[in-house]
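In what follows, a single structure is set out as structure tokens and then discussed.
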Amino acid sequence: MVRQQYAGEDDRFVRRYDYEDGWVIAADVGAADDRLATDVVDGTAIVLVDDEVELEFEVPGSVESVDTNNGVLVVRGDR
């Protein structure tokens, strides 16, 4: 199942994919990988670009990994 949500002041598009054993959230942040930093606090992922908050979104469970590739942030977790 694919769920869509919007995050950030500019309503940036974020997609969530649910699977039997976990979930994946993908967001096109549009910034170089070395400019991104992500932290998860109390079920909320906070994405920083150049040390300023770019967007925040809820995560549905514990986070296993956070990766970036060409400005796309991918957060993976389990149930």
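Going left to right, the sequence shown walks through residues 1 to 79 as full-length UniProt numbering numbers them.
From the three backbone atoms N, C-alpha and C, an ideal C-beta is built for every residue, glycine too.
Asked	Found
Out of curiosity, what's the CA-to-CA distance linking residue 29 and residue 71?	5 Å
Counting C-beta neighbours from all protein chains within 10 Å, is the total for residue 16 16 or more, i.e. buried, or is it exposed?	buried
Taking the C-alpha atoms as reference points, what is the distance between residue 27 and residue 77?	15 Å
With 16 as the cutoff for other CB atoms within 10 Å, does residue 57 come out buried or exposed?	buried
Considering Cα atoms alone, identify which of 21, 31, 20, 23 is closest to residue 69.	31
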